[in-house]
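Undergrad: Residue numbers (this note's numbering): 16 to 184. Backbone N, C-alpha and C fix where the C-beta goes; we use that ideal spot for every residue, glycine too.
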Amino acid sequence: MGASRTAPRRVWLLKTEPESFSFDDLLSAPKKRARWDGVRNYQARNFLRDDVAIGDLALVYHSSADPTGVVGLARVVKAAEPDPTQFDPDDDHFDGKSQREEPRWVQIEIEALARLPQIVTLAMLKADPRLARMLVVQRGQRLSVQPVQAGEARAVLELAGLDPAKFLS
DNA sequence: GCCAACGTTGGC
DNA sequence: GCCAACGTTGGC
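(1) Within this structure, are the beta carbons of Ala-95 and Ile-134 separated by less than 8 Å?
(2) For Gln-58 and Leu-28, I'd like the C-alpha separation in whole angstroms.
(3) DSSP puts Arg-130 in a beta bridge; with which residues?
(4) If you draw a straight line from the C-alpha of Trp-51 to the C-alpha of Ile-125, how long is it?
(5) Taking a contact to mean a Cβ-Cβ separation below 8 Å, would you say Asp-143 touches Ala-168 in this structure?
(6) For Arg-60, collect the residues of the same chain with a Cβ closer than 7 Å to its Cβ; drop the 5 residues on either side in sequence, then sort them by chain order.
(7) Spell out a yes or no on whether the segment 68-83 and the segment 27-44 are touching, meaning 3 or more CB-CB pairs, one atom from each, closer than 8 Å.
(8) Any idea what DSSP makes of Val-160, helix, strand or coil?
(9) Report yes or no: do three or more beta-carbon pairs, one from the segment 64-72 and one from the segment 84-95, lie closer than 8 Å?
(10) If you follow the alpha helix (DSSP H) that Ala-138 is part of, which residue opens it and which one closes it?
(11) To which residues does DSSP link Ala-49 through a beta bridge?
(12) Using the Cβ count rule (16 or more neighbours within 10 Å means buried), how would you classify Gly-176?
(13) DSSP on Gln-101, reduced to helix/strand/coil?
(14) Candidates Leu-131, Lys-47 and Gly-111: which alpha carbon is nearest Val-85's?
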């Protein structure tokens, strides 16, 4: 953070299925921090590895939930490092083709900042003209790590009942 | 549970 | 390298 940061803080949308890991799980974790692991898509991996930086914000999105939508705000506290679950044969995310000398998958670590006062449902996202180009509302968009434009982040935080100025520079 | 959309695999 | 088959995601 601070002097070492050269690019402006970015905002990401991170998808999770609450049945496996929910925002409440993050809130109840030690120091409200957790590893964001199990990503097994190359495009999402590339974002985590190449673009996600400490201090970036994350909109935590619940998929396969009722309702689906953005439920919480978090910040990135650790940049990409090898995801150990790829080497664990007992883990759902085991990848036998990944070599320890050349790990294929990475994880980051995030820390919960706030549960949203109001869940911003997918229906709300789709209904807001400011968010017409947001990736998550596009048909067939399955990416689990998505970049969010600053204006989109501002609109989402407004819909959530938060003051965007408190979180966005 | 259905199924559209998309990513990955593997035969050729 | 093409592309059909298959597997997964995720909204509904």
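TA: A quick look at the data gives this:
(1) Position 80 of the first sequence, counted from the first residue, corresponds to residue 95. Position 119 of the first sequence, counted from the first residue, corresponds to residue 134. It is not a contact, given that the beta carbons lie outside the stated cut-off.
(2) To locate residue 58, count along the first sequence from 1; it is residue 43. To locate residue 28, count along the first sequence from 1; it is residue 13. If you take the alpha carbons of Gln-58 and Leu-28, they lie about 14 Å apart.
(3) Taking the first sequence and counting its residues from 1, one reaches residue 130 at position 115. Note: Arg-130 sits in a beta bridge opposite Gly-87.
(4) As a first step, residue 51 must be located in the first sequence, where it is residue number 36. As a first step, residue 125 must be located in the first sequence, where it is residue number 110. Whole-angstrom Cα-Cα distance: 7 Å.
(5) The residue you call residue 143 lines up with position 128 of the first sequence. The residue you call residue 168 lines up with position 153 of the first sequence. The answer is no: Cβ separation not under 8 Å.
(6) Here residue 60 is taken as the residue at index 45 of the first sequence, counted from 1. Excluding positions up to five away in sequence, the list reads Val-54, Trp-120 and Val-121.
(7) yes
(8) Counting from 1 along the first sequence, the entry for residue 160 is found at position 145. Residue state, collapsed to three classes: strand.
(9) yes
(10) Numbered from 1 along the first sequence, position 123 holds the residue referred to as residue 138. Taken as a continuous stretch (DSSP letters only), the alpha helix (DSSP H) holding Ala-138 covers 137-142.
(11) The residue you call residue 49 lines up with position 34 of the first sequence. The partner list for Ala-49 (beta bridge, DSSP) reads Ile-125.
(12) For the purposes of this step, residue 176 is taken as the residue at position 161 of the first sequence. The residue is exposed, with fewer than 16 neighbouring Cβ atoms inside 10 Å.
(13) For this step, residue 101 is matched to residue 86 along the first sequence. In this structure, Gln-101 counts as helix in the three-state DSSP scheme.
(14) As a position in the first sequence, residue 85 is number 70, starting the count at 1. Here the closest residue by C-alpha is Leu-131.
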